[in-house]
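Undergrad: Quick one: the structure is below, and I'll ask about it shortly.
Numbering (this note's numbering), first residue to last: 730 to 1297.
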């Protein structure tokens, strides 16, 4: 667009005089265009509680990997409020028999605007990682903070709002119809849909987050809003949109896989947690979640505040933040994508304590941290004396389509042009048959806080894998694929593709290629290094430290199959 055509427009402008309401403001949004803001909604936006969201990044630490992913909860909440009103008014006009009132629309819009008021520094880093460790035993989530901050906001900016409305809005934020059973149940599908996860919050963040990293996922939001209609007290969609809805669920998984759980962003998350836990001993940061006045000033700015401090009690936290600034990050030494039925076995057996125990049993020497006196010379230290449990991090990241291992589309109901008043599930053959056996997987990553332990930690982790394989692998079952049969008979074709199982050993004839085998406990050949390997730090990138020779990839995958039991 020619910049000369846009210089007369600011990001926030008043509506034209001939508009429905001269008090309406328009806010320019890169995703939804101009978002109309009524005078009543402006009272919520122009509050300290909502303006706080300008200082909380939507994607936490992702901007360290994608610099443009620096958008905040502020603009996301504006987008959710816009889509909330769009969906509610669409249903109101399309289905007058639902008796959706203007009060209903307003409450849904406010719920969309305020649904993330309770997020702490770096968004989900705060309630997902920090609070469970800082306040063990106390169940607190950002939704709890949202209700607390909403109450404070209403008290200051909209004191005339009825208690009934306040409770309704908070129930909408929680997605819990039981809290206000007298309200229309389908309205709870708009902001926080607990039935199938298909809500405007998801619509906005999928579109916005992908756009801000430069890989936009385009959703037909207008089509979905027009497609939505209420049947049997829930929001349903035209069956023609089943594939699009399935793609939205897949897009959620894609974002979690590629962005939200990026290995570097995760490493920085754990560094931030260590810094905050250290600072919490002196600043009592975690306790602020119960005080709306104190929480008001708790944002991503806690990092520069600690960095600018001079108290000796904060020295450890400052040192960790300094490592982030200079890219001296925790290192991911190994990873594995775990089949869903196997996740409990890994969760119970892959722990920092067991990795350290296994590494110490190997009696491997590791390079010591170089000192100015030693120059480039790197001495060695016995692993049994050096490696500590606190040096190891085991991270499990569950990634799914929106409902753990289940297919979210199975919980969405549809109508058709020929049967517009009847809702049905979309069964096999109605939309894409390209579906996984499980709609979730667990990504295991092992990190070391000290790069000198890189190879040692990997060796300890792999020693546990070898033990698990020996313990869980029965004799291999060989399956011979006959290359003379190009396709199975049509009557035997399954409705969905058979998922590849890593618990069996597959052997192919010469015509079909060479034989191969794998188990759930096989080593990752792409990450294999020597037990004494230690990567150079950025400040030593031009120097070649000792003990950095990579080992040849371990291609000797076990030929034994494993028939793992599913654990619920």
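All residues carry an ideal CB built from backbone N, CA and C; glycine is no exception.
#1: Grab me the residues of residue 945's own chain with a C-beta within less than 8 Å of its C-beta, minus the 5 sequence neighbours each way, in chain order.
#2: Under a Cβ-count criterion, where at least 16 other Cβ atoms within 10 Å of its own Cβ denotes burial, should residue 844 be classed as buried or exposed?
#3: Out of 1265, 904, 818, which has the shortest C-alpha to C-alpha gap to residue 873?
#4: Would the stretch 1044-1062 and the stretch 984-1003 be scored as touching if the rule is three or more Cβ pairs under 8 Å?
#5: Does DSSP put residue 844 in a helix, in a strand, or in coil?
#6: Could you give the distance in angstroms between the alpha-carbon of residue 916 and the alpha-carbon of residue 1264?
#7: For the beta strand (DSSP E) holding residue 1126, just list the boundary residues, first then last.
#8: So, under 8 Å CB-CB, residue 1120 and residue 1179 are touching, yes? Tell me the CB distance rounded to an integer number of Å.
#9: Please determine, among 795, 1172, 810, 801, the residue with the shortest C-alpha to C-alpha distance to residue 766.
#10: Taking Cβ to Cβ, would you say residue 925 is nearer than 7 Å to residue 1141?
#11: Smallest Cα separation from residue 832: which of 879, 893, 862, 972?
#12: Taking the beta strand (DSSP E) that residue 801 belongs to, which residues open and close that run?
#13: According to the neighbour-count rule (16 or more other Cβ atoms, all chains shown, within 10 Å of its Cβ), is residue 1030 buried or exposed?
#14: According to DSSP, what are the bridge partners of residue 1135?
#15: Which residue wins for smallest C-alpha separation from residue 1091, given the options 1144, 1078, 1187, 1016?
#16: Check the Cβ-Cβ distances between residue 1155 and every residue of chain B, and say whether any is below 7 Å.
#17: Using 8 Å as the threshold, is the stretch 1005-1018 in touch with the stretch 855-870, meaning 3 or more CB pairs across them?
#18: With DSSP as the reference, identify every bridge partner of residue 816, one or two as the case may be.
#19: Taking a contact to mean a Cβ-Cβ separation below 7 Å, would you say residue 1168 touches residue 1130 in this structure?
#20: Report buried or exposed for residue 1083, applying the criterion of at least 16 other Cβ atoms within 10 angstroms of its Cβ.
#21: From residue 762 to residue 808, what does the alpha carbon distance come to, in whole angstroms?
#22: Could you give the distance in angstroms between the alpha-carbon of residue 786 and the alpha-carbon of residue 805?
#23: Starting from residue 896, trace the alpha helix (DSSP H) both ways and give me its first and last residue.
#24: Where does residue 838 land, buried or exposed, given buried means 16+ other C-beta within 10 angstroms?
#25: Using three-state DSSP, classify residue 964 as helix, strand or coil.
#26: Residue 1174 by DSSP, collapsed to three states: which one?
#27: Just reading off the beta strand (DSSP E) that residue 677 is part of, what are its end residues?
#28: Using the C-alpha atoms, what's the distance from residue 908 back to residue 914?
#29: Candidates 886, 1015, 1060: which alpha carbon is nearest residue 857's?
#30: So which of 954, 842, 991, 879 has the shortest CA-CA distance to residue 967?
#31: Expressed to the nearest angstrom, what Euclidean distance is found between the alpha-carbon atoms of residue 849 and residue 879?
#32: Compute the distance between the beta-carbons of residue 1185 and residue 1074, then report whether it is under 7 Å.
#33: Helix or strand or just coil, what does DSSP make of residue 1017?
#34: Please classify residue 962 as buried or exposed, where buried requires at least 16 other C-beta atoms within 10 Å of its C-beta.
#35: Mind checking which residues open and close the alpha helix (DSSP H) that includes residue 926?
#36: Can you name the start and end residues of the beta strand (DSSP E) that residue 762 belongs to?
TA: According to the structure shown:
#1: Taking the first residue of the chain shown as position 1, residue 945 is located at position 216. The residues are 936, 939.
#2: Working through the chain shown from its first residue, we reach residue 844 at position 115. Result: buried.
#3: Position 144 of the chain shown, counting from 1, holds the residue named residue 873. Residue 873 has its Cα closest to that of 904, out of 1265, 904, 818.
#4: yes
#5: Position 115 of the chain shown, counted from the first residue, corresponds to residue 844. Residue state, collapsed to three classes: coil.
#6: For the purposes of this step, residue 916 is taken as residue 187 along the chain shown, with counting starting at 1. For the purposes of this step, residue 1264 is taken as residue 535 along the chain shown, with counting starting at 1. Looking at the two C-alpha atoms, the distance is approximately 54 Å.
#7: Locating residue 1126 in the chain shown gives position 397, counting from the first residue. Segment 1121-1129, the beta strand (DSSP E) holding residue 1126.
#8: The count along the chain shown starts at 1 and reaches residue 1120 at position 391. The count along the chain shown starts at 1 and reaches residue 1179 at position 450. Right, their Cβ atoms sit about 5 Å apart.
#9: Here residue 766 refers to the residue found at position 37 when the chain shown is read from its first residue. Residue 810 is the option with its Cα nearest to residue 766.
#10: Taking the first residue of the chain shown as position 1, residue 925 is located at position 196. Taking the first residue of the chain shown as position 1, residue 1141 is located at position 412. Cβ atoms of residue 925 and residue 1141: closer than 7 Å.
#11: Against the chain shown, residue 832 aligns to sequence position 103. Among 879, 893, 862, 972, the Cα nearest to that of residue 832 belongs to 893.
#12: In the chain shown, residue 801 corresponds to position 72, counting from 1. Looking at the DSSP string, residue 801 is not in any beta strand (DSSP E), and its letter there is neither H nor E.
#13: The sequence position of residue 1030 within the chain shown is 301, counting from 1. So residue 1030 counts as exposed.
#14: On the chain shown, position 406 is the one that residue 1135 refers to. 1132.
#15: Looking up residue 1091 in the chain shown gives position 362. Comparing Cα positions, the closest option is 1187.
#16: Any reference to chain B falls outside this structure, which holds one protein chain only.
#17: yes
#18: Translated into positions along the chain shown, residue 816 becomes position 87. Answer is none; residue 816 lacks a bridge partner.
#19: Along the chain shown, one-based indexing puts residue 1168 at 439. Along the chain shown, one-based indexing puts residue 1130 at 401. For residue 1168 and residue 1130, yes; Cβs fall inside 7 Å.
#20: Taking the first residue of the chain shown as 1, we reach residue 1083 at position 354. Answer is buried; the Cβ neighbour count reaches 16.
#21: Taking the chain shown and counting its residues from 1, one reaches residue 762 at position 33. Taking the chain shown and counting its residues from 1, one reaches residue 808 at position 79. For residue 762 and residue 808, the distance between alpha carbons rounds to 10 Å.
#22: By one-based count along the chain shown, residue 786 stands at place 57. By one-based count along the chain shown, residue 805 stands at place 76. Taking the straight line from one Cα to the other gives about 10 Å.
#23: In the chain shown, residue 896 corresponds to position 167, counting from 1. 892-903 is the extent of the alpha helix (DSSP H) around residue 896.
#24: Here residue 838 is taken as the residue at index 109 of the chain shown, counted from 1. Classification of residue 838: buried, given that the 10 Å Cβ count is 16 or more.
#25: Numbered from its first residue, the chain shown carries residue 964 at position 235. Residue 964: strand per DSSP, three-state reduction.
#26: For this step, residue 1174 is matched to residue 445 along the chain shown. Here residue 1174 sits in strand by DSSP.
#27: Residue 677 is absent from the model: the chain starts at 730 and stops at 1297.
#28: By 1-based counting over the chain shown, the position of residue 914 is 185. By 1-based counting over the chain shown, the position of residue 908 is 179. Using only the alpha carbons, I get a separation of about 11 Å.
#29: Here residue 857 corresponds to residue number 128 of the chain shown, with the count starting at 1. Residue 1015 is the option with its Cα nearest to residue 857.
#30: Taking the chain shown and counting its residues from 1, one reaches residue 967 at position 238. For residue 967, the nearest C-alpha among the options comes from 954.
#31: Counting from one through the chain shown, the residue named residue 849 turns up at place 120. Counting from one through the chain shown, the residue named residue 879 turns up at place 150. C-alpha separation (whole angstroms): 14 Å.
#32: As a first step, residue 1185 must be located in the chain shown, where it is residue number 456. As a first step, residue 1074 must be located in the chain shown, where it is residue number 345. In this structure, residue 1074 does not lie closer than 7 Å to residue 1185 by Cβ.
#33: In the chain shown, counting from the first residue as 1, residue 1017 sits at position 288. Note: residue 1017 maps to helix in three-state DSSP.
#34: Here residue 962 corresponds to residue number 233 of the chain shown, with the count starting at 1. Answer is exposed; the Cβ neighbour count stays below 16.
#35: Residue numbering aside, residue 926 sits at position 197 when the chain shown is read from its first letter. Segment: none, residue 926 is in no alpha helix (DSSP H) and carries neither H nor E.
#36: Counting from one through the chain shown, the residue named residue 762 turns up at place 33. Where residue 762 is concerned, the enclosing beta strand (DSSP E) stretches over 762-766.
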